[in-house]
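For reference, the structure discussed in these notes is given below.
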Amino acid sequence: MGVPVGGGGEVGGPGVWREGKREKVGPTSLGVPGPTGEGRGLGGGWPGVSRWRQGGCGRRRRLRALTMGKTYAERVKKRKKTTEKYDREEETQERSHEKEEQQQEAEKQIEEQEEEDENGGSVDLEGIPLAPTQKNDRNKPGVIFILEKASLEVGKKGKNYELLNSDDHADYLRKKGKNPADYRPDIAHQALLMILDSPLNKAGRLRAVYVRTETGVLIEVKPFVRIPRTFKRFAGVMLQLLQKLSITAVGKREKLLRVIKNPVTQYLPVNSRKIGLSYSSDKLVKMRDYVATASDDTDLVFVVGAMAHGKIDVDYIDDFIAVSGYPLSAAYCITMICQALEAKWNIL
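Written as structure tokens, this is what we have:
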């Protein structure tokens, strides 16, 4: 315990306590009583000093907050909101630039691939057989499917390139600042299986299938290709397609899958009717009644979204319809279309 020296340690008076070789000034030496209004005696003033100073700081903070109008926390929160706003704008601009660059690279690769094809080059892929279908009769009406905004994007994970999906690459996508829920290549896989396995295709009424990715890459799928049943195998095929730009059957020169130039409208028949499916459309129809009124001299083009959420936004569609009062998957919408056309054309 310290010993008072100098001015003494009486209550309310000045006092200096010597403790070892150090000297400490008590609260009473400042001419101000402790927080309780009474002195602490020998060495009893130090806890009071801390509490008194803390109380003074709190009063000064409150006074400064009242004079400035906003608390420190409010000012920090406002700065954070402003910074987040600018960050979101920069991310949107970066994504748009990335899509443009990817589309330009795809177009360059398509031109190079066409030059290789003229010189006799091709890429063969084992395990993609031809499905048994009847020959397409151009004198009869047919149907074309376009899958818009399909999530088919390649990313480099480690030393290997992989088709990105929400199950296997969630952490990788979050590090890149992207939403894993948007990467659903399984939707396009299920939709292609429904189209190519339908009796409509086996009867030779399917003219073509086009898949347009979220980044703007356009893919043509031949009606007689047999898509792999497992997603892992499908991901390997799409990965090779996006890297090599075309896949041919073993021992044959005809391409089963290939990347082609945009826009998709240049590959559609002149007299075709483009129909878009959207849950948000005000025109709710029964699919069988809708296709029954279509002319037999016109090919029907159905545009279906292959994304997890959102709606298709393209300018070449003639009519937007809704086939149900409930949101449906792309695969089920395609099933409804195929069944309605099979009933119209008497395909069993």
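Numbering of the sequence shown is given in UniProt numbering, commencing with residue 1 and proceeding in unit increments. Yeah, the Cβ is synthetic: ideal placement off N, Cα and C, and Gly gets one too. Here the structure is a predicted model, which is why all the values come from computation and not from measurement.
In the DSSP assignment, Y210 forms a beta bridge with I146, E220.
The beta carbon of Y161 sits closer than 6 angstroms to the beta carbons of V154 from its chain, once the five residues preceding and following it are set aside; these are given in chain order. In the DSSP assignment, D171 falls outside any beta strand (DSSP E) and lies within the alpha helix (DSSP H) extending over 170 to 175. Only residues of its own chain outside the window of five on either side were considered, and among them I227, R229, A331 have a CB closer than 8 angstroms to the CB of L193, listed in chain order.
K283 and Y290 have their alpha carbons spaced roughly 11 angstroms apart.
Collapsing the DSSP output to three states places K178 in coil. Remark: C-beta atoms of K274 and V301 approach each other more closely than 7 angstroms.
In the DSSP assignment, R233 is bridged to no other residue. Residue environment analysis places G276 among the buried positions, since at least 16 neighbouring C-beta atoms fall within 10 angstroms of its C-beta.
Beta-carbon to beta-carbon, E342 and L200 are separated by about 5 angstroms, close enough to satisfy the 8 angstroms threshold. Judged by DSSP secondary structure, N201 falls within the alpha helix (DSSP H) whose first and last residues are 199 to 202. For the 7 angstroms CB-CB criterion, V264 and L218 form a contact. The continuous stretches of beta strand (DSSP E) do not include L284, and DSSP gives it neither H nor E. For V259, the three-state secondary structure derived from DSSP is strand. The closest CA to that of S278, considering only G142, K255, H309, is found on H309. The region 159 to 175 and the region 312 to 331 do not touch, with fewer than 3 CB-CB distances between them shorter than 8 angstroms.
Within the same chain, and ignoring the five residues on either side of T298 in sequence, the residues whose Cβ sits closer than 8 angstroms to its Cβ are P141, N271, S272, R273. In this model, R233 and D296 are separated by some 38 angstroms (Cα to Cα). Separation of S324 and V211 (C-alpha to C-alpha, rounded to the nearest whole angstrom) is 23 angstroms.
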